[in-house]
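Here's the structure, in structure tokens; my notes come after.
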Amino acid sequence: MLFSDRLGSCVLITSLFTFGLAHAKALTTEQRIACQFPTPNPLSGCPQNTLLVSSNANFSTAFKSVQSAVLSLPQDNSTRYILVLPGQYNEQINVTRSGPLYLLGQTSGPASLSGNTVEVTWHAATGGTNATDNAYTSTLTIAPTLNSSLTGSGPTGFPIPPDTPFGNTDFRAYNLNFTNDWLPYSAGPSLALSTSYANTGFYHCAFQSYQDTVYIGKLANAYMRDCEVAGQTDFLYGFGTLWIEKSALKMRGCGGGVTAWKGSNTSYTNHFGVYVRNSSVVAANETVKAGMRGRCALGRPWNSLHRSVFADSFLDESVAATGYIEWSAAEPRVDNSTLMAEYRTFGPGWNETGRVEGKVTRVLDERQWSAYSMPGKVFHFFKSGRTGNVGWVDWEA
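Numbering (mature numbering (1 follows the signal peptide of the UniProt record, and there is no 0)) for the sequence shown: -24 to -1, 1 to 373.
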């Protein structure tokens, strides 16, 4: 099991102010960089009580796994920090606490992911003889309970109990790579990231798998900046809200689409979906690029309430002329509620004629895009039509 029995003791948080990070003590950029920079005493530049994780025997007092450090933390609203030293960690990480948690990868180049020294790897997929929920495969999971993390099936997914509390109010990861290396091709859902009922931010991180790399579950808000996400089939999928900025989406093959979203009917107007801005959608490398020209779809509708927008982003020649595609010929899942859209995308993957002839992609004008044009317009407070839930986003990373 991914989650301990103590999850049932979580207390329902009802205050929107609490969800807006009343208890957070965010590090300044200078403080974070000082903590991440390599020194003989790794914690010398870190806040008091920062936990150290190392696979190096020279640090006898350090935790040997990230998960063991996470499990040592109190289940409360206090802000906690974990510094992870260079190495490969073969484990699953599961964060259930509500209090802010910052995972920091040690690096001498914290402004870029190119110098990342920490990789967390897991090796699991569903399908075939393994009929468990996708949630059990994820390398990193942030969710308050097991039930809240389950994908489920059908048009509305797993029915999460209505009294489920919100989870982490401010989870952040800096300069960490998360990989699910099940097989070197799509062979069933194999998640690198799963987050539900939580606010999560990822900065200078990489996520690699082939199928369903990143899952943004119900009522989740996730922000990625200067990240890489690699996959082949539906490698951005979910129910919640994901904003990707100044990042690279790397296609390791063409299968399904880059995005596959299930929208949800709510009592309030919601903006659940995936928004990719100022980013690139490209073949993962020259080897796979040769056989992908014009074959990869930007997305397909997991249900007819799918919402995704690629804005101000570069598309290479791997992208299909139609942009998006239907779920299938027999079950298109496209109607007036479906928003599979682009705004000012450019590059060889942009084909205006193909978009028109495909009759699936919507090309937005400035007025239409303005409804979604910044994270504050799409990130909701918990179970509320109120947007502007961005107090947990690090704008300076």
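In this text, a Cβ means the ideal position worked out from N, Cα and C, and glycines have one as well.
Let me know the secondary structure DSSP gives residue i once reduced to three states.
{"i": "L122", "result": "helix"}
{"i": "G143", "result": "coil"}
{"i": "G364", "result": "coil"}
{"i": "I69", "result": "strand"}
{"i": "G112", "result": "First, the residue type needs correcting, since residue 112 is Tyr and not Gly in the sequence shown. Reduced to three states, the DSSP call for Y112 is helix."}
{"i": "V354", "result": "coil"}
{"i": "W326", "result": "coil"}
{"i": "A(-1)", "result": "With a pLDDT of 43 at A(-1), under the threshold of 50, the modelled position of this residue cannot be trusted; read the value that follows with caution. In the structure shown, A(-1) sits in coil (DSSP, three-state: anything other than H, G, I, E or B)."}
{"i": "R331", "result": "helix"}
{"i": "T15", "result": "coil"}
{"i": "W345", "result": "helix"}
{"i": "R309", "result": "coil"}
Rounded C-beta distance between residue i and residue j? I'm assuming under 8 Å.
{"i": "D202", "j": "S172", "result": "With 8 Å as the limit, D202 and S172 do not qualify as a contact, their Cβ atoms being about 24 Å apart."}
{"i": "I301", "j": "R271", "result": "At roughly 11 Å, the Cβ-Cβ gap does not stay under 8 Å, so I301 and R271 are not in contact."}
Could you compute how far the alpha carbon of residue i sits from the alpha carbon of residue j?
{"i": "K238", "j": "N34", "result": "47 Å"}
{"i": "K359", "j": "V366", "result": "15 Å"}
{"i": "Y191", "j": "T115", "result": "11 Å"}
{"i": "H356", "j": "N246", "result": "8 Å"}
{"i": "A373", "j": "F322", "result": "26 Å"}
{"i": "Y78", "j": "I69", "result": "13 Å"}
{"i": "G128", "j": "F286", "result": "27 Å"}
{"i": "N110", "j": "G207", "result": "16 Å"}
{"i": "L27", "j": "S44", "result": "10 Å"}
{"i": "G81", "j": "V60", "result": "5 Å"}
{"i": "Y112", "j": "Y65", "result": "18 Å"}
{"i": "T37", "j": "F154", "result": "25 Å"}
{"i": "V94", "j": "N151", "result": "8 Å"}
{"i": "G133", "j": "E342", "result": "33 Å"}
{"i": "N261", "j": "A182", "result": "15 Å"}
{"i": "L315", "j": "H282", "result": "6 Å"}
{"i": "K1", "j": "T55", "result": "6 Å"}
{"i": "W303", "j": "H180", "result": "32 Å"}
{"i": "Q12", "j": "S280", "result": "44 Å"}
{"i": "E328", "j": "G299", "result": "9 Å"}
{"i": "T83", "j": "N312", "result": "47 Å"}
{"i": "L167", "j": "T189", "result": "5 Å"}
{"i": "K353", "j": "R320", "result": "19 Å"}
{"i": "Q124", "j": "K194", "result": "Note that residue 124 is Ser in the sequence shown here, rather than Gln. In a straight line, the C-alpha of S124 is about 8 Å away from that of K194."}
{"i": "P86", "j": "N156", "result": "23 Å"}
{"i": "E67", "j": "A163", "result": "20 Å"}
Whose CA, out of the options, lies closest to the CA of residue i?
{"i": "C22", "options": "S36, L3, F39 and N32", "result": "L3"}
{"i": "Q51", "options": "R8, N25 and G143", "result": "G143"}
{"i": "E221", "options": "S255, G233, F248 and E302", "result": "S255"}
{"i": "F215", "options": "T105, N32 and W278", "result": "W278"}
{"i": "C230", "options": "V205, L89 and A296", "result": "A296"}
{"i": "Y213", "options": "D157, A236 and W219", "result": "A236"}
{"i": "D288", "options": "V257, R276 and T15", "result": "V257"}
{"i": "K40", "options": "S54, I58, L126 and N53", "result": "I58"}
{"i": "Q344", "options": "E328, A317 and F147", "result": "A317"}
{"i": "D292", "options": "W326, P76, R309 and T263", "result": "W326"}
Which parts of the region 143 to 203 are runs of the alpha helix (DSSP H), unbroken and 4 residues or longer, counting only runs that do not cross its ends?
-> none
Segments of 3+ residues assigned as beta strand (DSSP E) that fall wholly inside the region 266 to 295 = 273 to 275 and 283 to 287
Taking only runs that begin and end inside the region 37 to 97, name each unbroken beta strand (DSSP E) of 3 or more residues, in chain order.
-> For the region 37 to 97, whole beta strand (DSSP E) runs of length 3 or above, ordered along the chain, are 56 to 60, 63 to 66, 69 to 71 and 77 to 81.
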